[in-house]
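Residue numbers (our numbering): 1 to 454.
Built from N, CA and C at the ideal position, the CB exists for glycine as well.
This one's a predicted model, so the numbers in the text were calculated from it and none came from an experiment.
Please read the structure below before turning to the comments.
Structure representation (structure tokens):
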């Protein structure tokens, strides 16, 4: 999209030529369609493909309406030469698939966020969104630039230079590990607003043990639990329990794979062996100590809130489906999909979440000296006795944010809303209290303006 925006309309009208194995051409077709709708231009696209291009990708290219030329070669370099010569002969623009700095990475949260913000700033020439590192999804979005940058905490001077060179004036971290490592503190020291918690506040997600003890200190309802640092102590505890179904959690972060619901003592002991003896999930200082928690019956759901260190505003409850297989069966994953809002949402539940969980969390963090700034997500079980907190996330979740952000009312300015979280005057030394945050109106279940799924 940024390549096309840099060209004048006369040149665009002559058409585009590229070479591709499929993905780049489809992204170009999408960007051209968006630009055509915006500017009222016809942008014909010709694609030179290798002779061994996947039939599925060829079918997708044909369905997209591009003109396909089959290169008599399996070499992308030769296809590039053919496409370049064709563009010169036709007087068209050649769009090189290797011309953009693209890094492969998991950035679906960035895609959804960037799409929402870009939609609201499409006519603001001073607005641009930089995604590091980004992916092919973020590459397609107008006003969005992928940065070929992998964060290295030994070379933060490079990040400071990048921030300055790109004139970046607001940062939204979407990776929990960066927050746990203190990226928000780094940008605060730079004087750049960052919508994310400090390193100390990010312990809510960085250490499940710390988070569970925090809940206990502040009387936040949660399941009974014990923590263990050795397989011997954990095994003795399991053998002493009358119930066989428990939940085992690794204290650290291991990419959404750190929770096991076991149905028997044998299965529980097998998981303990995999954690402590076989080290299947990394060294013990990465995943341990472990938590053995009472299994709670009921549907799971989550509530995402935005906090400014003093107070928080919650979005409608949502349900993240973590099981890998059909019918919500199989092992846990980071998340297979999300529903928003949940079918059991009501005002009484919202008041209970705010009064017993959200407000005590924000007040507790402030009282302990780490005011929470940014996106805070609490996972729950709706038990017979009411909601019980399971754990915290300290950033926009994946896949929760994709479902939630696309349901926002079209008048909600998401960037302004997140920026407001960082604007508590005097923070962190002497923050002003009782300041209202204007967030506009929010609707439940309304579709996104783009009408497209990524």
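Cut-off 8 Å between Cβ atoms - residues of its own chain near residue i, not counting five sequence neighbours on either side
i           : result
residue 419 : 170, 193 and 195
residue 433 : Note that residue 433 has pLDDT 49, beneath the 50 cutoff, so the model's placement of it is unreliable and no number is given.
residue 239 : 265
residue 188 : 194 and 198
Residue i, buried or exposed, once every other Cβ within 10 Å from all chains shown has been counted against 16
i           : result
residue 222 : buried
residue 70  : exposed
residue 395 : buried
residue 39  : exposed
residue 208 : buried
residue 325 : exposed
residue 387 : buried
residue 206 : buried
residue 266 : exposed
residue 379 : buried
residue 67  : exposed
residue 402 : buried
residue 74  : exposed
residue 10  : exposed
residue 24  : buried
residue 423 : exposed
Which of helix, strand or coil DSSP assigns to residue i
i           : result
residue 294 : strand
residue 387 : strand
residue 19  : strand
residue 365 : helix
residue 269 : helix
residue 278 : coil
residue 188 : helix
residue 213 : helix
residue 175 : coil
residue 337 : strand
residue 306 : strand
residue 194 : strand
residue 76  : helix
residue 396 : coil
residue 375 : strand
residue 132 : coil
residue 283 : coil
residue 8   : coil
residue 93  : strand
residue 413 : coil
residue 218 : coil
residue 158 : helix
residue 63  : helix
residue 167 : coil
residue 226 : strand
residue 359 : helix
Proximity of residue i and residue j at Cβ, strictly below 7 Å
i           : j           : result
residue 381 : residue 263 : no
residue 407 : residue 340 : yes
residue 357 : residue 220 : yes
residue 353 : residue 303 : yes
residue 200 : residue 211 : no
residue 316 : residue 345 : yes
residue 375 : residue 417 : no
residue 160 : residue 180 : no
residue 327 : residue 399 : no
residue 64  : residue 89  : no
residue 369 : residue 218 : no
residue 421 : residue 373 : yes
Identified DSSP bridge partners for residue i
i           : result
residue 300 : 381
residue 260 : 248
residue 342 : DSSP lists no partner for residue 342.
residue 203 : Note: residue 203 sits in no beta bridge, so no partner.
residue 320 : 338
residue 46  : 17 and 67
residue 329 : 325
Beta-carbon proximity list for residue i, same chain, < 7 Å, skipping 5 on both sides
i           : result
residue 22  : 53, 54, 57, 60 and 61
residue 215 : 222 and 389
residue 226 : 237 and 292
residue 36  : 42 and 43
residue 185 : 198 and 199
residue 391 : 208, 211 and 379
6 Å CB neighbourhood of residue i in its chain, flanking five on each side removed
i           : result
residue 245 : 263 and 295
residue 319 : 301, 339 and 342
residue 91  : 14
residue 17  : 46, 83, 86, 87, 92 and 94
residue 276 : 231
residue 323 : 329 and 330
residue 298 : 381, 382 and 383
residue 124 : Annotation note: pLDDT 48 at residue 124 (below 50); position unreliable, coordinate value reported separately. Cβ neighbours of residue 124 beyond the five flanking positions: none.
Min CB distance residue i to chain B below 7 Å
i           : result
residue 348 : Here there is only one protein chain, and chain B is not present.
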